[in-house]
Amino acid sequence: MRIPEETIDRIRQSADIIDVVSDYVSLKKRGQNWIACCPFHNEKSPSFNVSPARQIYKCFGCGKAGDPVRFVMDIENIGYPEALRHLAKKYGIEVAEEQLTPDELIKQNERESLFIVLNFAKDFYHSHLLTSDEGQSIGLSYFRERGFLDNTVQSFELGYSSDQWDALLQEATRRGYRPELLEKAGLILSKEGGKTYDRFRGRVIFPIHNVSGRVIAFGARILKTDKNQPKYINSPETEVYHKSQVLYGIFQAKNAIRQDDICYLTEGYTDVLSLHQAGIKNVVASSGTSLTIEQIRLISRFTQNVTILYDGDAAGIKAALRGLDMVLEEGLNVSVATFPDGDDPDSYVRKVGADAFKKYLSQHSNDFITFKTDILLKDAGDNPFKRAEIISEIIQSISKIPDPIKRQVFFQKTARQLQVDEQTLISESNRMVLSQQKQQLKQQQDRASASNRTASQSPASFPEELTEILNDFSVEESPVNRRATDPVKQQQNRSQLSYQEEECVRLLVNYGAHELEPDISVCHYMLSELGSMEFVTPVFNEMLREIREGFLASEIRTADYFLQHRNSEYQQQTIGLVTVRHQLSENWQKHEIYVPTEIDKLADAAFGNILRLKKLVAEQQMRDLKQLISQATDPAESDRLMVEYMHYKKVDIEIGRLLGTVVS
Numbered sequence: 001m002r003i004p005e006e007t008i009d010r011i012r013q014s015a016d017i018i019d020v021v022s023d024y025v026s027l028k029k030r031g032q033n034w035i036a037c038c039p040f041h042n043e044k045s046p047s048f049n050v051s052p053a054r055q056i057y058k059c060f061g062c063g064k065a066g067d068p069v070r071f072v073m074d075i076e077n078i079g080y081p082e083a084l085r086h087l088a089k090k091y092g093i094e095v096a097e098e099q100l101t102p103d104e105l106i107k108q109n110e111r112e113s114l115f116i117v118l119n120f121a122k123d124f125y126h127s128h129l130l131t132s133d134e135g136q137s138i139g140l141s142y143f144r145e146r147g148f149l150d151n152t153v154q155s156f157e158l159g160y161s162s163d164q165w166d167a168l169l170q171e172a173t174r175r176g177y178r179p180e181l182l183e184k185a186g187l188i189l190s191k192e193g194g195k196t197y198d199r200f201r202g203r204v205i206f207p208i209h210n211v212s213g214r215v216i217a218f219g220a221r222i223l224k225t226d227k228n229q230p231k232y233i234n235s236p237e238t239e240v241y242h243k244s245q246v247l248y249g250i251f252q253a254k255n256a257i258r259q260d261d262i263c264y265l266t267e268g269y270t271d272v273l274s275l276h277q278a279g280i281k282n283v284v285a286s287s288g289t290s291l292t293i294e295q296i297r298l299i300s301r302f303t304q305n306v307t308i309l310y311d312g313d314a315a316g317i318k319a320a321l322r323g324l325d326m327v328l329e330e331g332l333n334v335s336v337a338t339f340p341d342g343d344d345p346d347s348y349v350r351k352v353g354a355d356a357f358k359k360y361l362s363q364h365s366n367d368f369i370t371f372k373t374d375i376l377l378k379d380a381g382d383n384p385f386k387r388a389e390i391i392s393e394i395i396q397s398i399s400k401i402p403d404p405i406k407r408q409v410f411f412q413k414t415a416r417q418l419q420v421d422e423q424t425l426i427s428e429s430n431r432m433v434l435s436q437q438k439q440q441l442k443q444q445q446d447r448a449s450a451s452n453r454t455a456s457q458s459p460a461s462f463p464e465e466l467t468e469i470l471n472d473f474s475v476e477e478s479p480v481n482r483r484a485t486d487p488v489k490q491q492q493n494r495s496q497l498s499y500q501e502e503e504c505v506r507l508l509v510n511y512g513a514h515e516l517e518p519d520i521s522v523c524h525y526m527l528s529e530l531g532s533m534e535f536v537t538p539v540f541n542e543m544l545r546e547i548r549e550g551f552l553a554s555e556i557r558t559a560d561y562f563l564q565h566r567n568s569e570y571q572q573q574t575i576g577l578v579t580v581r582h583q584l585s586e587n588w589q590k591h592e593i594y595v596p597t598e599i600d601k602l603a604d605a606a607f608g609n610i611l612r613l614k615k616l617v618a619e620q621q622m623r624d625l626k627q628l629i630s631q632a633t634d635p636a637e638s639d640r641l642m643v644e645y646m647h648y649k650k651v652d653i654e655i656g657r658l659l660g661t662v663v664s
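Here full-length UniProt numbering is used: position 575 in the sequence shown is 575, and no number is missing along the way.
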């Protein structure tokens with residue numbers, strides 16, 4: 001099934017890179033571009049750069065780069081057609097495709113088919129809640145008793161599952177969905193003997209959405225008293241649902257989290273629903289699980305400030321506190337609030353209302369370190385041994401904070417709270433950090449020793465697949481000439497000539513249309529000087545060929561041409577060539593300090609690049625001729641080669657002299 005070209009063009013024209021990326025990451029403006037911590041790898045300092053002018057993104061940390069479509073493909077882990085449909089839906093663009101049967105849709109893509117069947121289940125449960133007698137009398141009545149209004153039910157797409165063994169299965173089968181797919185999606189279960197039945201029966205349903213709003217799983221609460229049944233059951237892990245990486249309500253909350261620059265973290269579904277309905281929309285839930293590093297990083301995409309809302313269960317709070325040091329390690333600013341009289345966020349906001357709830361949080365939220373210290377000190381009392389243990393534990397927590405200024409502030413505050421000398425805390429922290437570093441170093445040395453022992457084993461002791469790989473690596477084959485899949489190795493293996501070829505293409509795609517003199521563009525000048533020279537780096541040679549073809553057709557092909565190119569390698573290279581990592585501070589202009597731009601020195605840059613390219617080619621020719629001269633047996637041939645060598649030597653010297661006059 002193919003999406004028409006005109007529809008693809010319309011989607012691409014409509015999709016704004018800032019708008020698309022902001023659905024997943026909190027961006028901050030810096031100069032003409034926007035920056036953020038990269039959503040594709042873990043980092044503390046932002047290296048993810050988004051250019052609205054070019055409609056591209058690039059991470060200088062992990063190398064990920066592309067346009068809005070590529071971003072959706074990477075972040076959602078979906079294919080090109082699915083990314084186009086995702087953007088079409090976001091921008092209200094109708095994709096005119098032939099209607100396929102459910103079975104044909106399923107065959108298209110296994111992962112996409114899971115989303116399709118999960119969406120069907122969500123619609124089925126939601127419709128059953130609103131239209132069936134059972135759903136209205138049991139499910140909808142429960143939600144209304146809890147005070148949830150119709151718009152909350154709609155916003156979170158709440159549902160109800162019939163108290164029958166296979167209501168969902170029967171409807172799905174009638175629609176053409178295969179039972180094995182329903183089972184992969186966690187919607188049905190199989191008994192021995194082949195009997196299948198619905199996983200969720202007689203329960204209210206809480207659909208769980210990912211960041212982009214697609215349903216990936218369900219939580220379900222039973223409404224009748226049954227000691228043999230758990231109160232809540234959730235979808236199992238599937239290809240699209242990993243519980244440790246998901247926060248309930250993140251889709252509905254992300255914009256408010258970004259806008260308010262704080263995230264409230266609760267434990268349950270109804271906490272999120274009640275706060276959201278009260279107008280406190282920057283709230284998510286960990287769905288009853290211990291907070292994970294993936295969930296913390298998901299929050300950090302939108303804010304660095306988190307307030308964790310606990311109910312009054314002291315034992316539960318103590319257990320949870322021990323797992324929260326990793327939030328500090330990620331550099332987030334963590335506060336904690338508890339509620340009086342055994343209330344939880346759901347019951348308290350319904351009792352006092354939104355305004356009083358916010359006021360209570362502002363007055364009763366403590367930073368994590370202070371809160372933890374208070375809780376543990378109450379347990380220790382006057383017991384000196386317990387107090388010593390607590391001091392050690394608090395120091396460990398403070399030591400996790402990556403920002404040295406924040407650490408210093410917390411050491412000062414905690415010293416007063418614990419009534420101990422601040423320098424004692426700092427010294428103990430340094431001792432702990434040093435001990436940990438030594439332990440990590442020992443572990444690295446142990447791994448290295450184990451690796452060396454493994455390397456010294458005979459090939460026969462390797463697993464069969466490793467032996468095959470070793471046998472395939474020929475001794476005569478130069479590692480430099482092998483195709484490197486590691487970007488770092490590729491950089492290490494590149495020659496100076498390759499870097500100058502890259503610089504030549506960079507100047508052409510960025511400034512090709514810029515005039516050095518009247519009627520003499522950068523493209524005209526550089527192509528004239530290059531003549532018929534071929535580049536040794538394949539991708540740069542191919543891009544140069546396309547630029548030449550365009551110039552012969554009176555077209556100067558610059559960055560926009562390659563960014564829209566169907567060749568993804570051209571796109572990736574061009575993004576790297578046009579993206580500038582560092583920008584001048586606006587203070588330079590504010591204080592009227594003039595700093596020359598690259599355009600101001602463009603003539604020197606183009607001239608210098610051409611000279612360096614020709615010098616490197618001349619040096620290579622001299623190396624080749626030297627080898628031929630050493631192998632020549634005919635004196636006449638040797639003399640001819642020597643004349644040619646001296647010609648290139650003269651060229652090399654002259655270019656070296658000229659390069660001395662070029663402003664680099």
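Positions of the beta carbon are idealized from the N, C-alpha and C atoms, including for glycine. These figures come from a predicted structure and were not determined experimentally.
For residue i, count neighbouring C-beta atoms within 10 Å of its own C-beta (all shown protein chains included) and say buried if the count is 16 or more, exposed if not.
i: ASN33; result: buried
i: ALA636; result: exposed
i: SER423; result: In the sequence as displayed, the identity of residue 423 is Gln instead of Ser. Exposed, since its Cβ has fewer than 16 Cβ neighbours within 10 Å.
i: GLU330; result: buried
i: MET646; result: exposed
i: PRO384; result: exposed
i: HIS128; result: buried
i: LYS442; result: exposed
i: LYS29; result: exposed
i: HIS209; result: buried
i: LEU434; result: exposed
i: THR266; result: buried
i: THR537; result: buried
i: GLN573; result: buried
What three-state label does DSSP hand residue i in the structure shown?
i: VAL356; result: It is Ala, not Val, that sits at residue 356 in the sequence shown. DSSP places ALA356 in helix when its eight states are reduced to three.
i: LYS615; result: helix
i: CYS523; result: helix
i: HIS209; result: strand
i: GLY159; result: strand
i: SER132; result: coil
i: residue 667; result: Residue 667 lies beyond the stretch modelled for the chain, which goes from 1 to 664, so this question has no answer here.
i: GLU598; result: coil
i: ARG416; result: helix
i: VAL433; result: helix
i: GLY342; result: helix
i: TYR177; result: coil
i: residue 665; result: Residue 665 falls outside the range modelled here, since the chain spans only 1 to 664, and no answer is possible.
i: ASN151; result: helix
i: LYS650; result: helix
For a quick check, are the C-beta atoms of residue i and residue j less than 9 angstroms apart?
i: SER162; j: GLY202; result: yes
i: residue 697; j: ARG214; result: The first residue shown for the chain is 1 and the last is 664, placing residue 697 beyond what the model contains.
i: ALA185; j: ALA121; result: yes
i: LEU332; j: GLU239; result: no
i: SER212; j: ASP367; result: no
i: VAL522; j: TYR570; result: no
i: ILE75; j: ILE17; result: no
i: LYS58; j: PHE40; result: no
What does the alpha-carbon distance come out to for the pair residue i and residue j?
i: LEU275; j: LYS281; result: 7 angstroms
i: ASP133; j: TYR160; result: 11 angstroms
i: VAL475; j: GLN496; result: Confidence at VAL475 is low in this model, with a pLDDT of 31, below 50, so its placement is unreliable and no value can be given for it.
i: ASP123; j: GLN136; result: 15 angstroms
i: TYR91; j: VAL20; result: 10 angstroms
i: GLN436; j: VAL336; result: 28 angstroms
i: ALA513; j: PHE60; result: 27 angstroms
i: LEU508; j: LEU641; result: 35 angstroms
i: MET326; j: PHE371; result: 16 angstroms
i: ILE138; j: PHE218; result: 19 angstroms
i: PHE206; j: CYS62; result: 36 angstroms
i: SER286; j: ASN234; result: 13 angstroms
i: GLU6; j: MET73; result: 20 angstroms
i: GLN164; j: ASP271; result: 29 angstroms
i: ASP311; j: THR579; result: 48 angstroms
i: GLN229; j: ARG221; result: 10 angstroms
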